[in-house]
Amino acid sequence: MSEVKSTTITLSVAGVELGFSPNKTAFNALINEMTLTNKVAPMVTYLGRIIDANSKAALGELLERYPGVEMQITEKVNAIYSPQVEIEIKN
């Protein structure tokens, strides 16, 4: 199995540049913390865990200004960090 490398992901969100450093621990915690009735708070927590220190204040402002932006950002970050892979059934 190959070693997972540290990845820095830079996004431009509403014209604001944000840096994220996702990792397996934070990703797994996001999945484990989400429930049928609790999705937004775990995403905000996840983003707080992986945001680069110099982007933290800007992220907070975006979260206040744009309702639901945490879901959009999480989706983009995770599409890069954990991309879909092709899985085939072999009999």
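Its first residue numbered 3, the sequence shown is counted upward by one per residue in the working numbering. Backbone N, C-alpha and C fix where the C-beta goes; we use that ideal spot for every residue, glycine too. Fair warning: this is a prediction, and the values are worked out from it, not measured in the lab.
Asked, Found
"Residue of Gly17, Val18, Glu63 and Asn25 minimising C-alpha distance to isoleucine 82", "Asn25"
"Outcome for isoleucine 52 when other beta-carbon atoms lying within 10 angstroms are tallied against a minimum of 16", "buried"
"Buried versus exposed call for serine 14 [16 or more other C-beta atoms within 10 Å across all chains shown]", "exposed"
"In DSSP terms, what asparagine 96 is bridged to", "Residue 96 lies beyond the stretch modelled for the chain, which goes from 3 to 93, so this question has no answer here."
"Where glutamate 72 falls: helix, strand or coil (DSSP)", "helix"
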